[in-house]
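Some notes on the structure that comes next.
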Amino acid sequence: MPELPEVETIARALAPGLVGRVIVGVDVPDAKVLAGPKRRADFAAMAVGRTIQSVGRRAKLLLLTLGPRPQVPGDGPAVLAFHLKMTGRFHIAPPGAPDPDRARLLVRLSDGNTLVFADLRRFGTARVLTPEALSAWDFHASLGPEPWDMTPQAFEEALGRKSTRIKAALLDQTVIAGIGNIYADESLFAARIRPDTPAKDLTPAQRQRLLKAVQNVIAAAIAAGGSTIRDYRTPDGVEGGFQNHFQVYGKSGDPCPACAAPLTHAKIAGRTSTYCRKCQK
Numbered sequence: 001m002p003e004l005p006e007v008e009t010i011a012r013a014l015a016p017g018l019v020g021r022v023i024v025g026v027d028v029p030d031a032k033v034l035a036g037p038k039r040r041a042d043f044a045a046m047a048v049g050r051t052i053q054s055v056g057r058r059a060k061l062l063l064l065t066l067g068p069r070p071q072v073p074g075d076g077p078a079v080l081a082f083h084l085k086m087t088g089r090f091h092i093a094p095p096g097a098p099d100p101d102r103a104r105l106l107v108r109l110s111d112g113n114t115l116v117f118a119d120l121r122r123f124g125t126a127r128v129l130t131p132e133a134l135s136a137w138d139f140h141a142s143l144g145p146e147p148w149d150m151t152p153q154a155f156e157e158a159l160g161r162k163s164t165r166i167k168a169a170l171l172d173q174t175v176i177a178g179i180g181n182i183y184a185d186e187s188l189f190a191a192r193i194r195p196d197t198p199a200k201d202l203t204p205a206q207r208q209r210l211l212k213a214v215q216n217v218i219a220a221a222i223a224a225g226g227s228t229i230r231d232y233r234t235p236d237g238v239e240g241g242f243q244n245h246f247q248v249y250g251k252s253g254d255p256c257p258a259c260a261a262p263l264t265h266a267k268i269a270g271r272t273s274t275y276c277r278k279c280q281k
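Per the UniProt record's numbering, the very first residue in the sequence shown carries number 1; after that it's consecutive.
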């Protein structure tokens, strides 16, 4: 699943081709993608006529901020929200390009281009909401702070209340938003903390070291364009580069890059966690 760095990379890459364009049409080859409104006609009516004002992200959600519809008196702004789930991908297709076979949603733009949302496994979703409805959406409202918005004190307090293992706490989007399996493993290794340590048992020094590690790892992954394991590509079709810098993720049995002891793995919160028994205490 694309995590924070991948969605941030996608948002930055799409923005130049989307901001300032007007949505002139919406085609939905696969209605399963629509999470609200769920009828094709209602979804299109909510989106068409709006100007894309910005492209951003919250946690693992891609968010397009849309202006009011001029054809609707007294209309307000809206947000087009995508959850990529496992295999969601975007690109901007030029005029006349054939629609891809796996396209789930096609947003036609005033410059003749098309924003294409494709999704091999068909788990991704799209919503058009008012800002108020976005704030009231249970999933969005439950999200914890972004890594750079999490203060040391808030991080300590959040972990101090958690009896779950620290890897599970990092994957909990209500604690800190946007972190998935890759960046949890890499952050815990950088902080020299075992993934199965109960979160509440970490010392204040460990918690502060972990927060800094999370912030540094996420920043480095964004700078590298995210991580490509299988399906992820940028909107330009380019693979991410951070997988070339993995220290532990997916490397069970390989020598630890710090001490050369064999890396090991365990199942935590239903996910495989790779770590070093010697370096991570």
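Using N, Cα and C, we set each Cβ at its ideal position, and we do this for glycine too.
Quantities reported herein were computed from a predicted structural model and do not represent experimental measurements.
{"Asked": "Any idea if His83 is buried or exposed, counting beta-carbon neighbours within 10 angstroms, 16 or more meaning buried?", "Found": "buried"}
{"Asked": "Evaluate the contact criterion for the stretch 107–125 versus the stretch 17–33: three or more CB pairs, one atom per stretch, below 8 Å.", "Found": "yes"}
{"Asked": "Within its chain, find whatever has a CB closer than 7 Å to the CB of Leu134; leave out the 5 residues flanking it on each side and keep chain order.", "Found": "Val79, Ala81, His140"}
{"Asked": "Looking only at its own chain, which residues have a Cβ that is under 8 Å from the Cβ of Thr125, when we skip the five neighbours before and after it?", "Found": "Val33, Leu34, Ala35, Phe82, His83, Lys85"}
{"Asked": "For Ser273, which of Thr264, Asp236, Gln208, Ala224 has the nearest alpha-carbon?", "Found": "Thr264"}
{"Asked": "Between Arg207 and Phe155, how many whole angstroms is the CB-CB distance? I'm expecting something under 8 Å.", "Found": "6 Å"}
{"Asked": "Give me the DSSP bridge partner(s) of Asp119.", "Found": "Gly88"}
{"Asked": "How should Gly74 be labelled, buried or exposed, when 16 other C-beta atoms within 10 angstroms of its C-beta is the threshold for buried?", "Found": "exposed"}
{"Asked": "Quick check on the burial criterion: 16 or more other C-beta atoms within 10 angstroms. Buried or exposed for Pro70?", "Found": "exposed"}
{"Asked": "Considering only residues of the stretch 13–59, which uninterrupted beta strand (DSSP E) runs meet the minimum length of 3 residues and lie entirely inside it, listed in chain order?", "Found": "23–27, 34–36, 52–58"}
{"Asked": "Between the alpha carbons of Thr9 and Gln215, how many angstroms are there, rounded?", "Found": "16 Å"}
{"Asked": "Given a threshold of 16 other Cβ atoms within 10 Å of its Cβ, counted over all protein chains shown, does Glu132 qualify as buried or as exposed?", "Found": "exposed"}
{"Asked": "Looking only at C-alpha atoms, which of Gly226, Ala41, Gly88, Ser252 sits nearest to Leu120?", "Found": "Gly88"}
{"Asked": "Please report the straight-line C-alpha distance between Gly241 and Arg12, rounded to a whole angstrom.", "Found": "16 Å"}
{"Asked": "Let's test the definition: count the other Cβ atoms within 10 Å of the Cβ of Val72 and tell me whether it reaches 16, buried, or not, exposed.", "Found": "exposed"}
{"Asked": "Could you tell me whether the Cβ atoms of Ile182 and Ser142 are closer together than 7 Å?", "Found": "no"}
{"Asked": "In this structure, how does DSSP classify Ile268 when only helix, strand and coil are distinguished?", "Found": "strand"}
{"Asked": "Can you tell me whether Gln280 is buried or exposed? The criterion is at least 16 other CB atoms within 10 Å of its CB, across all chains shown.", "Found": "buried"}
{"Asked": "Applying the criterion that 16 or more other CB atoms from any shown protein chain within 10 Å of the CB defines a buried residue, is Asp185 buried or exposed?", "Found": "buried"}
{"Asked": "How would you call Val238, buried or exposed, if buried means at least 16 neighbouring beta carbons within 10 angstroms?", "Found": "exposed"}
{"Asked": "Does the separation of the CB atoms of Pro147 and Ile218 fall below 7 Å?", "Found": "yes"}
{"Asked": "Our contact map puts Val48 next to Gly25 with C-beta atoms below 8 Å; I'd like the distance itself, whole angstroms only.", "Found": "6 Å"}
{"Asked": "Relative to the alpha-carbon of Ala177, which residue among Lys200, Ala269, Pro145 has its alpha-carbon at the smallest distance?", "Found": "Pro145"}
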